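Peer 1: For my numbering, count along the sequence shown from 1 and bump the result up by 13.
My questions all concern the structure below.
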Amino acid sequence: MRVTALAGDVPAALASVLAAHGVEAARAEALAAGGAPLALLVEPLDDADQAALVGVAARSGLDCHTGDGWAVLAGTLARLGGLARPGPDALLPERLSLALGRFLMDAQRAPAEWRTARRTIPLERSCVVGILNVTPDSFSDGGRHFTPSAALEGARMMREAGADVIDVGGESTRPGAGRPDEAEELRRVLPAVRAVAEETGLPVSVDTRRSRVAEEALGAGAEIVNDVSGLAHDPRMAEVVRAAGAGVVLMHMRGEPQTMDALASYGDVAAEVAAELAACRDRALEAGIAREAIVLDPGLGFAKTPGHNLELLERLGTVAALGQPVMVGPSRKRFLGAVTGRPVDQRDAATAAACVAARLRGARLFRVHDVAAAREALAVADAVLGAAGAGSR
Ligand code: HH2
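In structure tokens, the structure reads:
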């Protein structure tokens with residue numbers, strides 16, 4: 014007798030083993046999807062809801078651990094899905110089955126594209142977003158692309174290197190950076206956005222927390238707004254994004270760039286960041302922004318210690334389960350210096366490695382300075398995932 018582990022991505026491995034043993038392909042896929050292992054934290058719970066969960070979990074063959082006001086359920090997707098059944102056959106009180114059902118629907122959504130104001134960007138292969146900081150003081154590339162012609166030249170080189178999107182920013186958000194006023198941010202950003210959109214044909218995103226900068230950049234050819242405050246900084250930002258039908262990156266941060274380092278305190282960083290991003294996504298939906306336009310970003314380095322950033326990368330699946338495409342921006346950041354001992358200008362290999370780690374945990378978009386290094390590393394990660402039959406992950 015031989016016992017073989019289904020290594021790698023379990024659903025993909027299960028589908029391929031079942032198919033190799035003669036199960037028809039579509040059925041093998043369905044069985045494999047249902048067999049995906051999942052562990053969920055459900056909170057807050059009152060005593061009655063908790064008792065209902067414990068009873069149903071035992072009858073359904075699920076593991077259930079409980080504590081004061083919470084429960085962790087673990088089992089296969091198929092068994093957990095049974096708990097979300099609505100209607101007369103429901104196993105759980107409606108409040109619980111609805112919450113579980115909504116979560117499971119989001120978790121199984123595998124967004125394969127991103128809608129912007131001008132096109133739909135495919136996300137089957139990793140999407141590399143090239144950073145173009147038109148700032149004098151960004152932490153790694155400040156001053157390099159400060160004039161419009163230098164910005165355009167930088168964008169052209171990134172396109173050659175395989176960038177899918179160019180992200181233009183006029184404000185450094187590194188801790189302690191001085192903030193340009195609105196007029197200065199506009200002066201920096203608009204000529205670069207106009208030139209890059211016209212000359213490269215690539216989708217341009219504008220990295221700003223100001224609605225007026227976003228609005229004018231969208232008018233000048235940008236089609237995505239990358240807001241590191243997750244629409245929280247400027248109350249008019251959501252409306253500007255909605256009205257333009259722009260793509261939007263909602264990034265997680267606490268406080269402001271000037272105060273965020275003091276707010277890097279979490280009980281469970283992945284769960285808390287995911288919950289705060291879910292609330293941010295829901296506010297965007299309430300404001301009328303289309304679900305297909307929204308990308309979520311855990312905000313590596315923003316109100317996070319080096320340890321938090323690493324833990325977030327390892328547990329990125331918690332964010333990916335929200336059902337939106339996930340972007341990460343590890344590029345040249347301090348936590349990579351802490352791991353490798355390298356100074357800021359020697360962190361591109363570490364950045365590419367962090368991108369691959371994130372890709373394996375479900376990220377689809379990668380905001381980087383060195384496009385060529387990330388593109389090459391992600392081509393390998395994409396090929397490995399594709400080879401495992403996990404291309405839709
Ligand atoms: N990081 C920075 C700026 N914008 N946007 C997203 N979505 N995700 C990020 O991780 C992110 C971001 C900070 O990096 P950088 O632009 O290189 O530096 P600076 O803020 O100093 O210009």
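Beta carbons: idealized from backbone N, C-alpha and C, even for Gly.
In this text the structure is predicted, and so the values were computed from the model without any measurement.
Using beta-carbon positions only, say whether Arg157 and Asp395 come within less than 7 Å of one another.
Peer 2: As a working note, residue 157 is residue 144 in the sequence shown. As a working note, residue 395 is residue 382 in the sequence shown. Cβ distance not < 7 Å, so Arg157 and Asp395 don't count as in contact.
Peer 1: Do the region 254–265 and the region 297–304 make contact, defined as three or more Cβ pairs closer than 8 Å?
Peer 2: yes
Peer 1: Who are the near neighbours of Leu31 in its chain, counting only those whose CB is closer than 7 Å to its CB and skipping five residues on each side?
Peer 2: Sequence index remark: in the sequence shown, residue 31 carries index 18 (1-based). Ala41, Leu44 and Ala45, listed in sequence order.
Peer 1: Excluding the five sequence neighbours on either side, which residues of its own chain have a C-beta within less than 8 Å of the C-beta of Thr89, listed in chain order?
Peer 2: Start at 1 with the first residue of the sequence shown, and residue 89 comes out as number 76. Leaving aside the five residues that flank Thr89 on each side, the residues in its chain whose CB is nearer than 8 Å to its CB run, in chain order, Gly47, Gly48, Ala49, Pro50 and Leu51.
Peer 1: Distance check for Ala176 and Glu198, CA to CA, integer angstroms please.
Peer 2: Working through the sequence shown from its first residue, we reach residue 198 at position 185. Working through the sequence shown from its first residue, we reach residue 176 at position 163. Cα to Cα, Glu198 sits roughly 24 Å from Ala176.
Peer 1: Going by Cα to Cα distance, which pick from Thr186, Gly143 and Val206 is closest to Met170?
Peer 2: Your numbering for residue 170 matches position 157 in the sequence shown. Taking only the C-alpha atoms, the option nearest Met170 is Gly143.
Peer 1: When the Cα atoms are used, what is the spatial distance from Gly189 to Pro270?
Peer 2: Position 176 of the sequence shown holds residue 189. Position 257 of the sequence shown holds residue 270. Cα to Cα, the separation comes out at about 7 Å.
Peer 1: Let's see if you can read the secondary structure: which residues bound the alpha helix (DSSP H) around Arg255?
Peer 2: Position 242 of the sequence shown holds residue 255. Its alpha helix (DSSP H) spans residues Met250 to Ala257.
Peer 1: Buried or exposed: where does Val206 fall if 16 or more other Cβ atoms within 10 Å of its Cβ makes it buried?
Peer 2: One-based indexing of the sequence shown puts residue 206 at position 193. Counting Cβ neighbours within 10 Å, Val206 comes out buried, since at least 16 surround it.
Peer 1: If we require 3 or more residues per run, which beta strand (DSSP E) segments fall completely within the region 106–145?
Peer 2: Correct list: 126–128 and 133–135.
Peer 1: If we ignore side chains and look at the alpha-carbon of each, how far apart do Leu54 and Val261 end up?
Peer 2: The residue given as residue 54 occupies position 41 in the sequence shown. The residue given as residue 261 occupies position 248 in the sequence shown. When rounded, the distance between both Cα atoms is 28 Å.
Peer 1: What did DSSP end up calling Pro340 once you bin it into helix, strand or coil?
Peer 2: Residue 340 sits at position 327 when you count from the first residue of the sequence shown. For the sequence presented, residue 340 should be read as Met rather than Pro. Met340 falls in the strand class under three-state DSSP.
Peer 1: Could you check which residue in Glu184, Ile134 and Leu215 has the C-alpha nearest to that of Glu173?
Peer 2: Locating residue 173 in the sequence shown gives position 160, where the first residue counts as 1. Nearest option by C-alpha distance: Leu215.
Peer 1: In this structure, what does DSSP give as the bridge partners for Leu263?
Peer 2: Position 250 of the sequence shown, counted from the first residue, corresponds to residue 263. Asp240 and Leu309.
Peer 1: So, with DSSP's three-state summary, where would you put Arg200?
Peer 2: Locating residue 200 in the sequence shown gives position 187, counting from the first residue. Here Arg200 sits in helix by DSSP.
Peer 1: Go ahead and pull the three-state DSSP assignment for Thr353.
Peer 2: Taking the sequence shown and counting its residues from 1, the one referred to as residue 353 is at position 340. Here Thr353 sits in helix by DSSP.
Peer 1: Does the distance from the C-beta atom of Val147 to that of Arg108 stay below 7 Å?
Peer 2: Along the sequence shown, one-based indexing puts residue 147 at 134. Along the sequence shown, one-based indexing puts residue 108 at 95. The Cβ atoms of Val147 and Arg108 lie no closer than 7 Å to each other.
Peer 1: What is the DSSP secondary structure of Ala403, reduced to helix, strand or coil?
Peer 2: In the sequence shown, residue 403 corresponds to position 390, counting from 1. Legend: pLDDT at Ala403 = 44, less than 50; position of this residue unreliable, no value from coordinates given.
Peer 1: Ends of the alpha helix (DSSP H) at Asp361?
Peer 2: What you label residue 361 is simply residue 348 of the sequence shown in a count that begins at 1. First-last of the alpha helix (DSSP H) with Asp361: Asp361 to Leu373.
Peer 1: Counting only the same chain and skipping the five closest in sequence on each side, list residues whose C-beta sits under 6 Å from that of Ser224.
Peer 2: Start at 1 with the first residue of the sequence shown, and residue 224 comes out as number 211. Excluding positions up to five away in sequence, the list reads Asp247, Arg249, Met250 and Val253.
Peer 1: Cα separation between Leu27 and Gly35?
Peer 2: Numbered from 1 along the sequence shown, position 14 holds the residue referred to as residue 27. Numbered from 1 along the sequence shown, position 22 holds the residue referred to as residue 35. Taking the straight line from one Cα to the other gives about 13 Å.
Peer 1: Does ligand 1 have a heavy atom nearer than 6 Å to the CB of Met250?
Peer 2: Residue numbering aside, residue 250 sits at position 237 when the sequence shown is read from its first letter. Met250 Cβ: outside cutoff for every heavy atom of ligand 1.
Peer 1: Taking the alpha helix (DSSP H) that Thr331 belongs to, which residues open and close that run?
Peer 2: As a first step, residue 331 is located in the sequence shown; it is residue number 318 there, counting from the start. Unbroken alpha helix (DSSP H) run through Thr331: Gly330 to Ala333.
Peer 1: Hey, out of Ala371, Gly155, Arg98 and Val69, whose CA is closest to Glu324's CA?
Peer 2: Here residue 324 corresponds to residue number 311 of the sequence shown, with the count starting at 1. Put simply, of Ala371, Gly155, Arg98 and Val69 the residue whose alpha carbon is nearest the alpha carbon of Glu324 is Ala371.
Peer 1: Quick one: residues in its chain with C-beta nearer than 8 Å to the C-beta of Arg355, no 5 flanking neighbours on either side, listed in chain order?
Peer 2: Position 342 of the sequence shown, counting from 1, holds the residue named residue 355. Closer than 8 Å at Cβ, skipping near neighbours: Leu349 and Ala363.
Peer 1: For the alpha helix (DSSP H) that contains His321, what are its first and last residues?
Peer 2: The sequence position of residue 321 within the sequence shown is 308, counting from 1. Element bounds for His321: Pro319 to Glu327.
Peer 1: Going by DSSP, which residues form a beta bridge with Leu51?
Peer 2: Here residue 51 refers to the residue found at position 38 when the sequence shown is read from its first residue. The partner list for Leu51 (beta bridge, DSSP) reads Gly88.
Peer 1: Check whether the region 320–336 and the region 374–394 are in contact - that is, three or more C-beta pairs closer than 8 Å.
Peer 2: Short answer: they touch.
Peer 1: If contacts are defined as beta-carbon pairs under 8 Å, then Gly114 and Ala97 qualify, I think. What distance do you get, rounded to the angstrom?
Peer 2: Position 101 of the sequence shown, counting from 1, holds the residue named residue 114. Position 84 of the sequence shown, counting from 1, holds the residue named residue 97. The pair is a contact, with the Cβ atoms about 4 Å apart (cut-off 8 Å).
Peer 1: In chain order, what residues of the same chain have a beta carbon less than 8 Å from the beta carbon of Gly268, not counting five sequence neighbours either side?
Peer 2: If you number the sequence shown from 1, residue 268 lands on position 255. Excluding positions up to five away in sequence, the list reads Ala275, Leu276 and Ala316.
Peer 1: When every heavy atom of ligand 1 is checked, does at least one fall within less than 6 Å of the C-beta of Val262?
Peer 2: By one-based count along the sequence shown, residue 262 stands at place 249. Val262 Cβ: within cutoff of ligand 1.
Peer 1: Anyone know if the C-beta pair for Ser110 and Pro99 falls short of 7 Å?
Peer 2: Sequence index remark: in the sequence shown, residue 110 carries index 97 (1-based). Sequence index remark: in the sequence shown, residue 99 carries index 86 (1-based). Yes.
Peer 1: Quick one, are the C-beta atoms of Leu290 and His321 less than 7 Å apart?
Peer 2: Sequence index remark: in the sequence shown, residue 290 carries index 277 (1-based). Sequence index remark: in the sequence shown, residue 321 carries index 308 (1-based). Result no, Cβ atoms of Leu290 and His321 do not sit closer than 7 Å.
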